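Going by the working numbering, the first residue of the sequence shown is number 627, and it counts up by one from there. Each residue gets a CB set at the ideal place from its N, CA and C atoms; glycine is no exception. These figures come from a predicted structure and were not determined experimentally. Taking it in order: structure first as structure tokens, then the write-up.
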Amino acid sequence: MPTRVLLVGAGAIGAFYGSRLACAPNTAVSALCRSNYKAVKASGFKVTSPQYGESTFRPEHTFGTPDEARKAEVTWDYLLVATKALPDVSDDSTLLEGLVGPDTSIVLVQNGLGVEEPYRKRFPKACILSAVTIASAVQPSHGHINHNRWTRISVGPYLPHLDSGSAAAEASDEEAMQKNSRLVELLKAGGISDAEMYDHAGLQFVRWHKIAINAAMNPSSVLSGGTGNQEMSADPELSRHLLGVMNEVLETAPQVLGKPLPAKLATADRILNSTKKNSSGSKPSMQIDWEKGNRLELEVILGNPIRIARKKGLEMPRLQSMYALLKRAQEVRESAKESKL
Ligand SMILES: NC(=O)c1ccc[n+]([C@@H]2O[C@H](COP(=O)([O-])OP(=O)(O)OC[C@H]3O[C@@H](n4cnc5c(N)ncnc54)[C@H](OP(=O)(O)O)[C@@H]3O)[C@@H](O)[C@H]2O)c1
627 MPTRVLLVGA GAIGAFYGSR LACAPNTAVS ALCRSNYKAV KASGFKVTSP
677 QYGESTFRPE HTFGTPDEAR KAEVTWDYLL VATKALPDVS DDSTLLEGLV
727 GPDTSIVLVQ NGLGVEEPYR KRFPKACILS AVTIASAVQP SHGHINHNRW
777 TRISVGPYLP HLDSGSAAAE ASDEEAMQKN SRLVELLKAG GISDAEMYDH
827 AGLQFVRWHK IAINAAMNPS SVLSGGTGNQ EMSADPELSR HLLGVMNEVL
877 ETAPQVLGKP LPAKLATADR ILNSTKKNSS GSKPSMQIDW EKGNRLELEV
927 ILGNPIRIAR KKGLEMPRLQ SMYALLKRAQ EVRESAKESK L
């Protein structure tokens, strides 16, 4: 029997990693699509990449709705969720109802903190794997995926009962580590040579570290009128602000997680210096979403880190200011849209 993977949210990131997993031996990848359903059903995904060249990835099954996926009665090994994480808009864990079997792992490939919780609440017995990627990809038209650069994905089991430090490991933890290790092997076999395996605590550090970058670059680009990453990092006042935000996150993370930041994770200065050198002209995804009039991943990139820190008695004033301003700006824009209807 092949390993069966279903992409839930087959956009830029989901379809990119799906196309690589489909190259692993004895692995069949299917897609639950939405607006790109017709294009993908007809011709699959055309994927271009500086690293892997041009290829067509045809999912084993292409579903247009969760109901269609449920009716297929497939036993899924991995449900790879790569929707945008918008808990203030929809609870995407409902998409998985009827698809999670006793051996199914839910893999969350999304930015932000706290993205695992809705899935843990809905499927308390399921194995949840949490994944952070630094890859850059877009879907410029339905079914066309442009992978731009980087491939690294870090994956670890989500085992929050271990956070207190005093709770004993559960029997299912070992099984989750095995499923995690199997997924990383499949990614490597599909050509993602820098896929990395972590334990629960290690992966949560990677999430916080990615938040340092996302919470600095994404909202600042929107609030500075669409300034790109390199331009922001070269501007004297903005670069001070970016460093301040990144340091706020990197100083809060060890206090929340109760351990020092692993030395291998880049410091704020190193991140800023490498952004200064990146001349690709790239803009953060939040700015691109703002330009398109889409909802922003504000809750998982700003709101949740602030709330998680607050529960430990810690404030994150730089994140809080940006969160308050952007949340209100988004509300104003949404009500303007509604009044036009
Ligand atoms: N793109 C990157 O370079 C990048 C890099 C690192 C991390 N990330 C993170 O990865 C996650 C995914 O980002 P992305 O850029 O891949 O987003 P994306 O291109 O917008 O893909 C999301 C996909 O999910 C689909 N979707 C949403 N709700 C659905 C539903 N109810 N049923 C079926 N499909 C649904 C969307 O369909 P519609 O088109 O119909 O909305 C879209 O195809 C985000 O958390 C993002 O922050 C992205």
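- Short of 7 Å from the beta carbon of I927, and not among the five residues preceding or following it, lie these beta carbons of its own chain, in chain order: N737, G738, I837, N840, A841, N844.
- A distance criterion of 8 Å places the beta-carbon of V634 in contact range of ligand 1, judged by its closest non-hydrogen atom.
- Annotation: the segment 767-828 contains the following complete segments of the alpha helix (DSSP H) (minimum length 4 residues), in chain order: 797-815.
- Counting along the chain, R630 sits inside the beta strand (DSSP E) bounded by residues 629-634.
- If you check the C-beta of R684 against ligand 1, you find no heavy atom less than 8 Å away.
- The beta carbon of V882 is closer than 8 Å to those of W834, I934, A935, K938, L940 in its chain, skipping five residues each way along the sequence.
- Here F671 is actually not in contact with H773; their C-beta atoms are around 11 Å apart, not less than 8 Å.
- For S819, the closest of A889, T777, S905, E796 by C-alpha to C-alpha distance is T777.
- The Cβ-Cβ distance between V741 and V781 does not fall below 9 Å.
- Pairing A827 with K885 gives a Cβ-Cβ distance under 9 Å.
- Distance check between L658 and each of G679, S645, P685 places P685 closest, using alpha-carbon atoms only.
- By the C-beta density criterion, P783 is buried, having at least 16 other C-beta atoms within 10 angstroms.
- By the 16-neighbour rule on beta-carbons within 10 angstroms, R646 is buried.
- The shortest CA-to-CA distance from V666 to any of T682, L924, Q677 is the one to T682.
- Using a Cβ distance threshold of 9 Å, H770 and T674 count as a contacting pair.
- At a cut-off of 8 Å, the beta-carbon of V726 does not count as near ligand 1: no heavy atom of the ligand is closer than that.
- Cα atoms of V832 and T893: separation of roughly 13 Å, rounded to the nearest angstrom.
- Nearest to S719 by C-alpha distance, out of H687, E699, A752, V700, is A752.
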